[in-house]
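In the working numbering, the protein residues as written are 131 to 342.
Cβ atoms here follow ideal geometry from the backbone N, Cα and C, with glycine treated the same way.
All values derive from a computational prediction rather than experimental measurement.
Have a look at the structure below, then the notes.
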Ligand code: Z5A
């Protein structure tokens, strides 16, 4: 590895409605890349291990109440507190598979009624993903999967609004995958997309910033 001085790891984000299968597929992707000898790590937002993350976690589990703007900015701060480590990891050649990112931040807060431009503003300047894998599932199908209904945002009507805002955020870095296929089929498709992206970044594709 590393004959090109700009060689780096890839920033791959998985997005989608609650229970679309992001967590399952993210960890499988990391195992797959490691199996091929690549350096890869699984990250997730919110990162509930930091002190900001603990405030978010308490809010999501309905143990605390926060104004919609405040929680939005906390989610964003939770990404900013990891930004420099993210850049260091990528530049050292590690690929990051990230379970939720700024798109969740904007889609969920906009679905509550906050202006989309206001929601995007604090995300501007974070690292832009090289690839966004959107696991597409209807709110109805997602709700049939295990564990639905325990946290704050897990309601059908709300999830439908979130899905609409995700559509607005869709750009050329996105690939949409049908999340109702069998897990193994999804896994194969994601592997191909991620491997191609990892190769591109290894060959020196420059890092860019989000929504600039
Ligand atoms: N949020 C926000 O508002 N602002 C932000 O900036 C961010 C997040 C970053 C917590 O997120 C909440 O925070 C989230 C958005 C908001 N709220 N909601 N809704 P989280 O990521 O911590 O929690 P989550 O979205 O609830 O993720 P999850 O529960 O881990 O779901 P998942 O990762 O998408 O799915 P999974 O765990 O892989 O799978 C769910 C189930 O489906 C499980 O039983 C699997 O075995 C099953 N499954 C998975 N794939 C399949 C297929 N293909 N077929 C059949 N069954 C499957």
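Output needed for residue i: all residues of its chain with C-beta closer than 7 Å, excluding positions within five of it in sequence on either side, in chain order.
{"i": "residue 342", "result": "254 and 255"}
{"i": "residue 156", "result": "144, 172, 227 and 229"}
{"i": "residue 221", "result": "138"}
{"i": "residue 164", "result": "170"}
{"i": "residue 76", "result": "Any property of residue 76 remains undetermined from this structure, which presents the chain solely from 131 to 342."}
{"i": "residue 310", "result": "267 and 271"}
{"i": "residue 323", "result": "261, 263 and 305"}
Suppose contacts are defined by Cβ-Cβ distances below 8 Å. Is residue i in contact with residue j by that definition?
{"i": "residue 300", "j": "residue 249", "result": "no"}
{"i": "residue 171", "j": "residue 160", "result": "yes"}
{"i": "residue 142", "j": "residue 263", "result": "yes"}
{"i": "residue 292", "j": "residue 246", "result": "no"}
Can you give me the Cβ contacts of residue i inside the same chain, cut-off strictly under 8 Å, excluding the 5 residues immediately before and after it?
{"i": "residue 244", "result": "198, 199 and 202"}
{"i": "residue 186", "result": "176, 178, 201, 204, 205 and 208"}
{"i": "residue 290", "result": "269"}
{"i": "residue 131", "result": "Because residue 131 carries a pLDDT of 47, less than 50, the predicted location of this residue cannot be relied on, and the following value inherits that uncertainty. The residues are 137, 223 and 332."}
Since I believe residue j is in contact with residue i (beta carbons under 8 Å), could you give me their beta-carbon distance rounded to a whole number of angstroms?
{"i": "residue 121", "j": "residue 340", "result": "What the structure shows of the chain is the stretch from 131 to 342, and residue 121 is not part of that stretch, so it cannot be assessed."}
{"i": "residue 307", "j": "residue 325", "result": "Actually they do not touch by this definition, with Cβ atoms about 15 Å apart."}
{"i": "residue 190", "j": "residue 281", "result": "5 Å"}
Whole angstroms are fine: how far does the CA of residue j sit from the CA of residue i?
{"i": "residue 213", "j": "residue 270", "result": "35 Å"}
{"i": "residue 158", "j": "residue 194", "result": "33 Å"}
{"i": "residue 287", "j": "residue 273", "result": "11 Å"}
{"i": "residue 217", "j": "residue 174", "result": "15 Å"}
{"i": "residue 135", "j": "residue 266", "result": "37 Å"}
{"i": "residue 167", "j": "residue 318", "result": "18 Å"}
{"i": "residue 303", "j": "residue 285", "result": "28 Å"}
{"i": "residue 312", "j": "residue 242", "result": "32 Å"}
{"i": "residue 338", "j": "residue 151", "result": "27 Å"}
{"i": "residue 316", "j": "residue 211", "result": "32 Å"}
{"i": "residue 231", "j": "residue 188", "result": "19 Å"}
{"i": "residue 336", "j": "residue 215", "result": "17 Å"}
{"i": "residue 283", "j": "residue 239", "result": "11 Å"}
{"i": "residue 192", "j": "residue 334", "result": "44 Å"}
{"i": "residue 219", "j": "residue 275", "result": "34 Å"}
{"i": "residue 107", "j": "residue 162", "result": "Nothing can be reported for residue 107: it is not among the residues displayed for the chain, which extend from 131 to 342."}
Among residues of its own chain, excluding the 5 on either side of residue i, which ones have a beta-carbon nearer than 6 Å to its beta-carbon?
{"i": "residue 140", "result": "225, 260, 327, 328 and 331"}
{"i": "residue 296", "result": "237"}
How would you call residue i, buried or exposed, if buried means at least 16 neighbouring beta carbons within 10 angstroms?
{"i": "residue 148", "result": "buried"}
{"i": "residue 294", "result": "exposed"}
{"i": "residue 184", "result": "exposed"}
{"i": "residue 235", "result": "buried"}
{"i": "residue 314", "result": "exposed"}
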